[in-house]
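Engineer: Below you'll find the structure I mean.
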Ligand code: PLP
């Protein structure tokens, strides 16, 4: 099956095979890594290696902490203002459903404002620099660098005033290409798209942003406390961390993020060319320069054909293509683990379907 789901999403088959092989007996210990103490030598060895591999893959500078937390990216929508607002206000750039949700949740915690929004254009593009008005006193500026539902990816970063750190939700495109971590104050990503199973969220935070949490912040939600305890103030999501580590090894074996990016460009080009070359039978509404390589929403010119398209997709073992209810149509998510063969199979179906139904 080729799984185009937006998440939880496809994982690399060799990784799943390794998990299967190690499930009952991890490295000859006679039990699963899931069943081992998180404070024992085996698991602490695992988490250290997972962090080292992520640091190497992303080139994370030494003055950043890497946290392996629970609660998903949605929890971060609240946890980030709890940790960074420090009695000030924060700026949010709205580019789709996820950044809007992050903004709304942050309103529960403190003072936040919108620095710019593309909602008037139905979230079909990244904002231009001259559309953004940042507050130079903001505690941080929040962006979502890949909007999973609207299929909008930022290839140019907004530049808030000096001293205002960028905070980025990278849940749906982390590790899809090299990123310059030093341009951000904080990066966060739920694991269940490009990293591993749901239940794990990774936070990469510059050290000078730690230690400013609101006094009411619970200790498991305080980044500084979690960093002090190596993400193990309490029991971390051990199985998710272990599995993320196998994915990181797999990415390293592919040649790292530059090689991963090349493959992702090829996959995205193939699909967008099929959409654009369909004579309007399929349409992607996103401005070309902002088109996500990871999440490709598209509509059929006649929505009455949606059900037939999905039925034919299912018959060809192509799953997870139904679009998000807020935008309708289809959505193909092309995360790292999607193969070019999967995209070719989808394009075959699209062309064949259009030839018969147009
Ligand atoms: N941010 C983005 C960009 C997402 O795509 C998602 C989930 O799809 C979330 C946040 C929410 O993540 P979670 O379900 O882990 O809370």
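Residue numbers (the working numbering): 1 to 358. Glycine included, C-beta positions come from ideal geometry on N, C-alpha and C.
1. Would the C-beta of residue 98 count as close to the ligand PLP, meaning under 7 Å from any of its heavy atoms?
2. At what residues does the alpha helix (DSSP H) containing residue 347 begin and finish?
3. Tell me which residues share the same chain as residue 280 and place their Cβ nearer than 8 Å to its Cβ, disregarding the 5 neighbours each side in the sequence.
4. Given this structure, state the Cα-to-Cα distance separating residue 189 from residue 248, to the nearest angstrom.
5. Pick out every residue whose C-beta is nearer than 7 Å to a heavy atom of the ligand PLP: which are they, in chain order?
6. State the start and end residues of the unbroken beta strand (DSSP E) segment that holds residue 14.
7. Rounded to whole angstroms, what's the CA-CA distance from residue 98 to residue 30? Just pull it up for me.
8. I need the DSSP call for residue 182, collapsed to helix, strand or coil.
9. Keeping to the same chain, check which residues put their C-beta closer than 7 Å to that of residue 357; ignore five residues upstream and five downstream.
10. Could you spell out the range, first to last residue, of the alpha helix (DSSP H) harbouring residue 260?
11. Just the C-alpha distance for residue 264 and residue 176, rounded to the nearest angstrom, thanks.
12. Exposed or buried, what is residue 169 when buried is set at 16 or more other beta-carbons lying within 10 Å of its beta-carbon?
13. Between which two residues does the beta strand (DSSP E) containing residue 6 stretch?
14. Check this for me: beta carbons of residue 108 and residue 118, under 8 Å apart or not?
15. To the nearest whole angstrom, what separates the beta carbons of residue 343 and residue 257, a pair I think is in contact under 8 Å?
16. Anyone know if the C-beta pair for residue 209 and residue 84 falls short of 8 Å?
17. For the beta strand (DSSP E) containing residue 295, name the first residue and the last one.
18. Out of curiosity, what's the CA-to-CA distance linking residue 240 and residue 355?
19. Which value, in whole angstroms, describes the spacing of the CA atoms of residue 359 and residue 145?
20. Can you give the Cα-Cα distance for residue 88 and residue 132, rounded to whole angstroms?
21. Mind checking residue 1: buried by the 16 CB within 10 Å criterion, or exposed?
22. With distances taken Cα to Cα, identify the nearest neighbour of residue 165 among 199, 221, 81.
23. Pop quiz: residue 205 and residue 233 are said to be a contact at Cβ under 8 Å. What is the actual Cβ separation, rounded to whole angstroms?
24. In chain order, what residues of the same chain lie with their CB nearer than 7 Å to the CB of residue 192, ignoring the 5 residues before and after it?
Structural biologist: Checking against the coordinates, here is how it stands:
1. yes
2. 340 to 357
3. Taking residue 280 as the centre and dropping the five residues before and after it, the same chain places the C-beta of 301 closer than 8 Å to its C-beta, in chain order.
4. So the two alpha carbons sit approximately 14 Å from each other.
5. A Cβ closer than 7 Å to some heavy atom of the ligand PLP marks a residue here, and those residues are 6, 7, 72, 73, 74, 75, 98, 144, 146, 147, 148, 169, 171, 172, 190, 192, 193, 198, 201.
6. Run containing residue 14: none in the beta strand (DSSP E); it sits in the alpha helix (DSSP H), 13 to 22.
7. 42 Å
8. In this structure, residue 182 counts as helix in the three-state DSSP scheme.
9. 305
10. 257 to 276
11. 7 Å
12. Result: buried.
13. Here residue 6 belongs to no beta strand (DSSP E), and DSSP marks it neither H nor E.
14. no
15. Rounded, the Cβ-Cβ distance is 19 Å, inconsistent with contact.
16. yes
17. 295 to 300
18. In a straight line, the C-alpha of residue 240 is about 44 Å away from that of residue 355.
19. Nothing can be reported for residue 359: it is not among the residues displayed for the chain, which extend from 1 to 358.
20. 19 Å
21. exposed
22. 81
23. That belief does not hold up - the Cβ atoms of residue 205 and residue 233 are roughly 15 Å apart, past 8 Å.
24. Excluding positions up to five away in sequence, the list reads 7, 8, 9, 198.
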